[in-house]
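Per my numbering, residue 2 is the first one in the sequence shown, and the count goes up by one each step.
All C-beta atoms, glycine included, are put in the ideal place defined by N, C-alpha and C.
None of the values given here were measured: they were computed from a predicted structure.
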Amino acid sequence: MTQTTSAHQGGTAPPGARFDAVVRAAVGQGLLGEGGPVAGFIDTEGVRASVGALHDAFAATPEVLHTFAAKACSLVPVLRLLADCGMGCEVASPGELRLAVEAGFAPSRVVLDSPAKTREEIRLALALGVAVNADSLDELRRIDALRNPGSTSVLGLRVNPQVGGGSIGPMSTATDTSKFGVALRDPGAREAIVEAFRVRPWLTRLHTHVGSQGCPLELIADGVARAYELAEEINATLGVRRVTSLDIGGGLPVNFADETVHPSYADYVAALTAAAPGLFSGRYSLVTEFGRSLLAKNGFIGARVEYTKDAGGRRIALTHAGAQTATRSVLMPDAWPLRIGAFGPDGTPKTGPSLAQDIAGPCCFAGDVVAYGRELPELAEDDVVVLYDTGAYYFSTPWAYNSLPRPAVYGFRAVAGQEDGSEDGSGHDGPVTFTTVRDAQSLDDIAAESGLAHADALIQRDG
Numbered sequence: 002m003t004q005t006t007s008a009h010q011g012g013t014a015p016p017g018a019r020f021d022a023v024v025r026a027a028v029g030q031g032l033l034g035e036g037g038p039v040a041g042f043i044d045t046e047g048v049r050a051s052v053g054a055l056h057d058a059f060a061a062t063p064e065v066l067h068t069f070a071a072k073a074c075s076l077v078p079v080l081r082l083l084a085d086c087g088m089g090c091e092v093a094s095p096g097e098l099r100l101a102v103e104a105g106f107a108p109s110r111v112v113l114d115s116p117a118k119t120r121e122e123i124r125l126a127l128a129l130g131v132a133v134n135a136d137s138l139d140e141l142r143r144i145d146a147l148r149n150p151g152s153t154s155v156l157g158l159r160v161n162p163q164v165g166g167g168s169i170g171p172m173s174t175a176t177d178t179s180k181f182g183v184a185l186r187d188p189g190a191r192e193a194i195v196e197a198f199r200v201r202p203w204l205t206r207l208h209t210h211v212g213s214q215g216c217p218l219e220l221i222a223d224g225v226a227r228a229y230e231l232a233e234e235i236n237a238t239l240g241v242r243r244v245t246s247l248d249i250g251g252g253l254p255v256n257f258a259d260e261t262v263h264p265s266y267a268d269y270v271a272a273l274t275a276a277a278p279g280l281f282s283g284r285y286s287l288v289t290e291f292g293r294s295l296l297a298k299n300g301f302i303g304a305r306v307e308y309t310k311d312a313g314g315r316r317i318a319l320t321h322a323g324a325q326t327a328t329r330s331v332l333m334p335d336a337w338p339l340r341i342g343a344f345g346p347d348g349t350p351k352t353g354p355s356l357a358q359d360i361a362g363p364c365c366f367a368g369d370v371v372a373y374g375r376e377l378p379e380l381a382e383d384d385v386v387v388l389y390d391t392g393a394y395y396f397s398t399p400w401a402y403n404s405l406p407r408p409a410v411y412g413f414r415a416v417a418g419q420e421d422g423s424e425d426g427s428g429h430d431g432p433v434t435f436t437t438v439r440d441a442q443s444l445d446d447i448a449a450e451s452g453l454a455h456a457d458a459l460i461q462r463d464g
């Protein structure tokens with residue numbers, strides 16, 4: 002599906018109105034409204050710009066493969082866009098590996114990470130030539146038995162540098178008791194890692210990932226520096242350049258407080274350079290695994306306000322965007338706050354006096370509230386709310402609570418060089434093109450997914 006209407010060209014709209022015309026266009030074309038009460042939107046040119054910023058930050062690095070963490074947006078058209086931008090892909094399950102293959106990533110540009118890989122997963126990855134980072138010494142022994150000497154897969158070992166956690170515990174993967182990697186500071190672990198590389202000439206990569214949201218750059222850089230020091234130690238101890246590449250993970254935090262992008266990829270490179278000056282010398286090729294930071298600010302969720310009500314002196318707007326699309330923000334509101342925009346039934350930004358309002362979702366539990374007490378122009382039935390910074394994780398991996406349908410997702414881009422005589426004071430508008438990334442899930446799809454083909458399976462009787 003391709004539809005076109007007018008919206009601000011890049012750089013002409015005020016910073017606070019980056020997506021205003023896109024919302025207006027989506028409402029005007031029926032992508033948001035009674036027939037489509039919730040949808041996700043991806044800014045394709047914004048994605049390209051973010052990938053460009055990443056490549057620019059590492060431009061002086063002799064050899065680096067930037068992979069996208071598929072879990073951050075597991076939609077084949079988005080993955081294909083990223084492949085077209087020159088990205089590789091990091092996957093952590095058989096499903097994500099399948100999506101990466103369907104998206105067109107070359108196997109040599111795919112990295113498989115997971116703490117619980119099955120033998121079949123490992124066999125497939127080795128057969129395809131996908132890079133594999135073992136998560137434990139036991140997994141290395143499993144690879145010993147499964148590896149064909151002719152495999153082209155780059156094989157690595159993930160280590161946990163145990164440098165501590167950030168402000169969000171569940172997003173911190175380098176704590177003393179993290180489930181990920183070989184705990185580097187545990188007694189005997191360092192010696193066991195060196196020995197693992199000594200007896201396996203095919204083991205050539207070290208991998209580490211400290212965490213993501215809530216982790217400061219200094220903590221991330223410290224973890225990477227520990228892996229770099231370990232690589233130097235392994236090579237010095239063995240007297241041969243056994244470790245030739247470092248997978249330094251991803252995890253650049255996203256600023257959810259406003260529209261500004263910070264920290265930047267340039268900030269990240271500067272922190273790494275300070276912590277491990279030799280990292281960018283070319284002695285090791287590098288792999289990165291960014292996800293949220295590439296897409297979060299390049300997408301939003303739009304949702305229709307179905308009702309408003311007052312309860313106990315509080316105004317509540319009941320919308321179609323709740324825990325099924327903003328799961329983390331609903332279940333951990335302090336850790337994952339979202340900015341909210343208020344729009345009228347025609348998709349234009351609402352004005353007028355602000356009122357403290359709760360923005361609630363459609364799920365049948367009391368805690369399904371995306372934002373509490375937000376000061377917004379008074380919302381009413383048929384208005385639209387926008388959840389900003391949700392281009393990663395939110396609408397791409399919805400929760401099937403209450404059997405609510407997965408929302409449609411649309412990509413959009415402004416076509417430069419065309420005008421429609423906008424008179425809103427923000428410059429000329431250029432047409433915006435919407436393209437379907439994922440269709441909304443139908444009720445037939447939900448029934449099929451819920452075992453409809455086996456409806457009588459539990460009531461059948463013998464004889």
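How long is the line joining the alpha carbons of residue i and residue j, rounded to whole angstroms?
i, j, result
"Leu141", "Leu204", "9 Å"
"Trp337", "Ser330", "5 Å"
"Ser286", "Phe42", "35 Å"
"Arg19", "Phe396", "19 Å"
"Asp421", "Thr434", "Unreliable positioning characterises Asp421 in this predicted model, as indicated by a pLDDT of 42, which lies under 50. The coordinate reading is nonetheless provided below. Computed Cα separation, rounded: 15 Å."
"Val306", "Ile317", "10 Å"
"Leu273", "Leu280", "8 Å"
"Thr153", "Gly130", "5 Å"
"Ser75", "Gly412", "14 Å"
"Pro399", "Gly240", "50 Å"
"Ala27", "Asp44", "13 Å"
"Ala312", "Val370", "14 Å"
"Ser168", "Glu219", "13 Å"
"Thr174", "Gly36", "42 Å"
"Ile221", "Gln214", "11 Å"
"Ile144", "Ala101", "22 Å"
Which class does residue i belong to by DSSP, given the choice of helix, strand or coil?
i, result
"Thr238", "helix"
"Ala327", "coil"
"Arg99", "helix"
"Gly224", "helix"
"Tyr389", "coil"
"Asp384", "coil"
"Glu260", "coil"
"Thr245", "coil"
"Arg293", "helix"
"Tyr395", "coil"
"Tyr285", "coil"
"Asp114", "strand"
"Thr274", "helix"
"Gly87", "coil"
"Glu376", "strand"
"Ile460", "coil"
"Gly300", "strand"
"Ala107", "coil"
"Arg407", "coil"
"Gly412", "strand"
Spatial neighbours of residue i within its chain, please: C-beta separation below 8 Å, excluding the five flanking residues on both sides.
i, result
"Asp445", "none"
"Ala197", "Leu138, Leu141, Leu158 and Leu204"
"Ala232", "Leu207, Val244, Leu247 and Tyr285"
"Leu185", "Val160, Asn161, Pro162, Gln163, Arg191, Ile194, Arg227 and Leu231"
"Gly345", "Lys351, Asp384 and Val385"
Could you check whether the Cβ of residue i sits closer than 8 Å to any Cβ belonging to chain B?
i, result
"Gly89", "Although the question refers to chain B, the structure presented lacks it and comprises just one protein chain."
Quick check on residue i: buried or exposed, where buried means 16 or more other Cβ atoms within 10 Å of its Cβ?
i, result
"Glu121", "exposed"
"Glu290", "buried"
"Asp177", "exposed"
"Lys118", "buried"
"Phe366", "exposed"
"Leu103", "Reading off the sequence, residue 103 comes out as Glu, not Leu. By the neighbour-count rule (16 or more Cβ atoms within 10 Å), Glu103 is not buried but exposed."
"Lys72", "buried"
"His263", "exposed"
"Ala454", "exposed"
"Lys298", "buried"
Quick one: what's got a C-beta closer than 7 Å to residue i's C-beta in the same chain, skipping five residues either side?
i, result
"Asp223", "Val164 and Ala276"
"Ser355", "Glu376, Leu377 and Pro378"
"Asn236", "Arg242, Arg243 and Val244"
"Ala146", "none"
"Phe106", "Ala84, Gly89 and Cys90"
Enumerate in chain order the residues of its own chain whose CB-to-CB distance from residue i is below 6 Å, with the five nearest sequence positions on each side excluded.
i, result
"Arg340", "Tyr389"
"Arg199", "Leu239"
"His321", "Pro38, Val39, Ala304, Arg305 and Pro363"
"Arg407", "Pro399 and Gln442"
"Val288", "Leu66 and Asp248"
With hydrogens ignored, establish whether the beta-carbon of residue i is closer than 7 Å to any heavy atom of the ligand HEM.
i, result
"Ala318", "Looking for the ligand HEM in the displayed structure turns up nothing, as the structure carries no ligands at all."
Practice task
Please list the segments of the alpha helix (DSSP H) lying wholly inside the segment 145 to 210, counting only runs of 4 or more residues, in order along the chain.
Solution key: 190 to 199
Practice task
Tell me the start and end of each unbroken alpha helix (DSSP H) in the segment 310 to 359 that is at least 4 residues and wholly inside, in chain order.
Solution key: 328 to 332
Handout entry: Complete runs of the alpha helix (DSSP H) confined to the segment 4 to 84 [at least 4 residues]
Key = 21 to 29 and 45 to 58
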